[in-house]
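Reviewing the structure listed below.
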Amino acid sequence: MAGTPFAVRRPRAVPQWLAVRWTPSLRWAGFISPFLSSGVFMRTFRTLLGAIAAGVCVAAMVPAVAQAAPSALYTALVVHGSDQDSFLDPHTGVWDGGNATMTPTLHDADAFQLAADPTAEEGTSEVKVYVQPPAGQTWQPGRTYAAAPDFSGEQARLEFSDRGGSCLADGTLAVREVVRDPATGKMTAFAASFDYTCRGRSGTVDGEIRWNSSVDYNAAVASGPLDFGQVEVAGDEVSRTETFTSQGVRPVTFGAASLGGYDPAPYRITADTCSGRTLSPGGTCTVTVAAGSTRVGGQIASLILPDDSSFGRRSVRLYAEGFRGAVGTYYPLATPQRLMDTRSGLGGRTGPIGVDGTVDLQVAGRGGVPAGGAGAVVLNVTVTGPTASSFLTVYPADMGRPNASSINFPAGWLGSNNVWVKLGADGNVKIYNRNGSTHVVVDVAGFYAGSNAVQPTRGIGSQYQPVSPGRLFDTRTGGGPIPARGVEEGFVDFGEELSRRVQGLVLNVTAVAPARSGFLTVWSGEGSVPTSSTVNYGAGKVVPNLAVVRTTWCTDCGPAYPVPSFAVFTSQDANVVVDLVGVMDDGNAPDGLRFTPVAPTRIVDSRTGLGTSGALGPKVKRTVTTPSELVGAATRALATNVTAVSPTQNTVLTVWPAGEEKPTASNLNPAAGQIVSNAVLTGLGPSAAFHAYNHAGSTHVVTDVVGSFWLYPATASEPTASLAGTPHFAVAGSGTH
5 MAGTPFAVRR
15 PRAVPQWLAV
25 RWTPSLRWAG
35 FISPFLSSGV
45 FMRTFRTLLG
55 AIAAGVCVAA
65 MVPAVAQAAP
75 SALYTALVVH
85 GSDQDSFLDP
95 HTGVWDGGNA
105 TMTPTLHDAD
115 AFQLAADPTA
125 EEGTSEVKVY
135 VQPPAGQTWQ
145 PGRTYAAAPD
155 FSGEQARLEF
165 SDRGGSCLAD
175 GTLAVREVVR
185 DPATGKMTAF
195 AASFDYTCRG
205 RSGTVDGEIR
215 WNSSVDYNAA
225 VASGPLDFGQ
235 VEVAGDEVSR
245 TETFTSQGVR
255 PVTFGAASLG
265 GYDPAPYRIT
275 ADTCSGRTLS
285 PGGTCTVTVA
295 AGSTRVGGQI
305 ASLILPDDSS
315 FGRRSVRLYA
325 EGFRGAVGTY
335 YPLATPQRLM
345 DTRSGLGGRT
355 GPIGVDGTVD
365 LQVAGRGGVP
375 AGGAGAVVLN
385 VTVTGPTASS
395 FLTVYPADMG
405 RPNASSINFP
415 AGWLGSNNVW
425 VKLGADGNVK
435 IYNRNGSTHV
445 VVDVAGFYAG
455 SNAVQPTRGI
465 GSQYQPVSPG
475 RLFDTRTGGG
485 PIPARGVEEG
495 FVDFGEELSR
505 RVQGLVLNVT
515 AVAPARSGFL
525 TVWSGEGSVP
535 TSSTVNYGAG
545 KVVPNLAVVR
555 TTWCTDCGPA
565 YPVPSFAVFT
575 SQDANVVVDL
585 VGVMDDGNAP
595 DGLRFTPVAP
605 TRIVDSRTGL
615 GTSGALGPKV
625 KRTVTTPSEL
635 VGAATRALAT
645 NVTAVSPTQN
655 TVLTVWPAGE
665 EKPTASNLNP
675 AAGQIVSNAV
685 LTGLGPSAAF
695 HAYNHAGSTH
705 VVTDVVGSFW
715 LYPATASEPT
725 ASLAGTPHFA
735 VAGSGTH
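This is the structure in structure tokens:
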């Protein structure tokens, strides 16, 4: 009926094997336009229609001959950009008609552009690739072209762009397929593989271009570059996981994953489900990488996973930013602060600690020690009025009591020892007394950072610098005893550059034959004398103790530059000997050591054969090798408590690194029959060993380790720097003023 519109039927789905390849409109128009304009069109059309109808009748009667299904045709853009720092990084992926609007554009001279506009990826803009053969040439299948953004007769043109910018790409373009219209010579299909580097960038981008192509492809798409963020030098590792997804049209097979690129050393693969696997389209696998840090600044590397793609591998950029933390650095207090005195009840305990008694002492948040962030403290522990020979053990409150001692003493003794102790999780320590009862006094001199919580307010603390032990002054050979309630000020010069880096000194301070029982206090010399004590002595005794002392500056001690100085106060007339053991630097001097505390661990007991066997005789040197569980590759020194047990004569004990000459300084000066302890910081020689020497008579020796010092990579002059050779801090001069 006139005026009735035609009903348009929805076409039925056609099986893929029956699909007819439709060539572009240029070819079709060139064929049919003359035919439509001729006078024979209708007659020819009716003839063809009749032939088709007859063919249909025949097809219904005679079985069709089975034919091979033609290859599928692909229009897709594959971009692997996870190894390059460029604008294309977010666009790594595979785009085809299923997830993007694909727009091919054919230009003159075989120039071709394929644009992919993702339809479901929020925030992802259109990506375009433009290729053009060298001037005067056409694309030839099977040929690989050098490609650059500069069009010339020597190179093909390859350019990538998105709405945010473009990439001037230098690389290669390997042409896999070219199909042309026989009538016009125009391309109707194109396939190529590419790889390139954006100028001014690092890393390589690779991928595939397909337009109406029968050439299949595989694609293992990485989830993206791995940014590990801030990673503390020598701190905990940071882990990231990379996921690879097979998004091509055929499976992908992987080789063995590895690390490469500029600086792979800080990284390691910790888990891998990809190596050696074949992933079907849609399958996934993962590789987990952990990043450490050995220096400050950016550390770039690549995760490399070989595959059977045209490029031959997947490469994922790894990036971590190393930073210097505070863990293991030392913060001296302006003056030592008292935390406990059982005589007065300070610290929560009133009255002596009895037999097998334990006191829980809160340290964090008191006496200048921060409430959070402190991992260990340096204490001076004093025993007064014990009723029996005994020992104290100071240890972390959240650990079991170790088989170790912090200070040993006879009945009626007054004395002290320097104790380095790890804090429990709540910032407290326990103090155990074995026999009888005794009053205990505890002073704190400083703390070690156990986390970076202290860094924002206090910065980075000091690192330890061992020195060749040497005497700074000895009042017996110059000036005579310090009078009661007198002060002697000492200084040490390390040269102009290093003197300015000193924040504190590690000293062995010895009271020699004092006239009466009393004490020494060592501090910076600033302000009034602190109420705390460093060495507690009895009349006529020789009593040493280790001290970590904050320093101040002396501007009139001789050199034309400021030098570190300190002061010694004595309550009674006494000769005083001060030996230098080490330096606490400003955290920046080369080869500084950081501290890791441990629960007290016994490594030597000559009475039982632990570490060495039998008492040390006169002028005997023993070598002790530190158990492997207490040292690592970076360990350079130990913090220990060394005890002389019942020497047969008054003697001197000296401890020093294996392989070096014995120093003139001493660590312990026990009298015959005494059981006496002293804190000792000793360097380690080859095989993590140290020497112990006894001067006179024979004595048993016990050594407990309370922590280790390790080379900090960010300030190391070289990764394998050792204590061998001349220390950085060498004494240029010292004395009193």
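All you need for the working numbering is the position in the sequence shown, starting with 1, plus 4.
The beta carbon of each residue, even a glycine, is placed where N, CA and C say it ideally should be.
Remember, predicted model here, so these are calculated numbers, not experimental data.
Identify, in the order they occur along the chain, each residue of the same chain with its Cβ nearer than 7 Å to the Cβ of residue i, setting aside the five sequence neighbours on each side.
| i | result |
| --- | --- |
| A692 | T629, T630, V635 and T639 |
| P485 | T479, D577, A578 and N579 |
| C202 | Q88, S90, C171, L172 and A173 |
| A33 | Bear in mind that the predicted position of A33 carries a pLDDT of just 35, short of 50, making it too unreliable to give a figure here. |
| G377 | A453, G454, S455, A457 and V458 |
| N439 | V359, A392, S393 and S394 |
| V742 | The structure shown does not extend to residue 742, since the chain is modelled only from 5 through 741, so no value can be given for it. |
| H721 | Note that residue 721 is Ser in the sequence shown, not His. Around S721: P594 and D595. |
| P268 | A305 |
| G508 | P336, S466, V552, V553, R554, T555 and M588 |
Can the beta-carbon of residue i be found less than 7 Å from the beta-carbon of residue j?
| i | j | result |
| --- | --- | --- |
| F713 | Y468 | yes |
| P470 | N512 | no |
| Y221 | V209 | no |
| T555 | V709 | no |
| Y436 | T362 | yes |
| L688 | N671 | no |
| W215 | P122 | no |
| L427 | N540 | no |
| P229 | R321 | yes |
| A295 | V387 | no |
| D131 | D185 | For clarity, residue 131 is Val in the given sequence; the question names Asp instead. Their beta carbons are not under 7 Å apart, which means V131 does not touch D185 by this criterion. |
| C561 | F498 | no |
| G280 | I308 | no |
| V367 | V381 | yes |
| T525 | P534 | yes |
| L162 | V182 | no |
| G529 | A564 | no |
| D364 | N407 | no |
| V510 | G586 | yes |
Can you name, in chain order, every residue of its own chain whose Cβ lies under 8 Å from the Cβ of residue i, other than the five neighbours on each side?
| i | result |
| --- | --- |
| G59 | For G59, the predicted model reports a pLDDT of 38, less than 50, meaning its position is unreliable; a value from the coordinates is still stated below. Within the same chain, G59 has no close Cβ partners at all. |
| G316 | P310 |
| D718 | First, the amino acid is wrong: residue 718 is Ala here, not Asp. Correct list, in chain order: V237, A238, T298, R299, V300, G326 and R328. |
| V602 | K426, L634, V709, V710, G711 and S712 |
| T176 | T148, Y149, A150, A151, F198, D199 and Y200 |
| T740 | F477, G482, G483, E492, E493, G494 and F495 |
Round the Cβ separation of residue i and residue j to the nearest angstrom and send it over; I've been treating them as touching at under 8 Å.
| i | j | result |
| --- | --- | --- |
| H4 | L584 | Outside the modelled stretch of the chain, which goes from 5 to 741, sits residue 4, for which no answer is possible. |
| Q251 | V98 | 4 Å |
| A151 | A139 | 13 Å between Cβ atoms; not a contact. |
| K625 | H699 | Not a contact, Cβ separation roughly 11 Å. |
| V133 | L81 | 6 Å |
| A224 | L283 | 7 Å |
| W143 | D114 | 5 Å |
Give every residue of the same chain whose Cβ lies closer than 6 Å to the Cβ of residue i, excluding the five residues on either side of it in the sequence, and list them in chain order.
| i | result |
| --- | --- |
| S441 | P356, G358 and T391 |
| S536 | P340, R342 and D447 |
| S702 | A619, G621 and T652 |
| S738 | L476 and V496 |
| Q141 | none |
| T644 | V684, T707 and V709 |
Which runs of the beta strand (DSSP E) spanning at least 3 residues fall entirely within the segment 570 to 620, listed in chain order? 579 to 588 and 597 to 609
With three or more C-beta pairs closer than 8 Å as the rule, is the segment 671 to 688 touching the segment 613 to 626? The segment 613 to 626 makes no contact with the segment 671 to 688; the number of CB pairs closer than 8 Å stays below 3.
Give a yes or no on contact between the segment 442 to 449 and the segment 570 to 582, applying the rule of three or more CB pairs nearer than 8 Å. Cβ pair count under 8 Å is below three, so no.
Spell out a yes or no on whether the segment 458 to 467 and the segment 585 to 592 are touching, meaning 3 or more CB-CB pairs, one atom from each, closer than 8 Å. yes
Counting beta carbon pairs with one atom in the segment 667 to 680 and one in the segment 596 to 610, are three or more of them shorter than 8 Å? no
Between the segment 263 to 279 and the segment 333 to 345, do at least 3 Cβ pairs fall closer than 8 Å? The segment 263 to 279 vs the segment 333 to 345: no contact.
Give, in chain order, every unbroken run of the beta strand (DSSP E) that is at least 3 residues long and sits entirely within the segment 446 to 494. 468 to 478
Contact between the segment 488 to 502 and the segment 403 to 418 (3+ Cβ pairs under 8 Å): no
Evaluate the contact criterion for the segment 277 to 292 versus the segment 189 to 198: three or more CB pairs, one atom per stretch, below 8 Å. No: the two stretches stay apart, fewer than three of their Cβ pairs being nearer than 8 Å.
Can you list, in chain order, the stretches of the alpha helix (DSSP H) that have 4 or more residues and sit fully within the segment 693 to 728? none
At which residue ranges does the segment 493 to 539 contain complete alpha helix (DSSP H) runs of 4 or more residues, listed in the order of the chain? 500 to 503
Unbroken beta strand (DSSP E) runs of length 3 or more, entirely within the segment 183 to 261: which are they? 191 to 202, 209 to 217, 224 to 226, 230 to 236 and 242 to 250
Counting only runs of 3+ residues fully inside the segment 303 to 355, write out the beta strand (DSSP E) ranges in chain order. Taken in chain order, the complete beta strand (DSSP E) segments of 3 or more residues contained in the segment 303 to 355 are 317 to 327 and 334 to 345.
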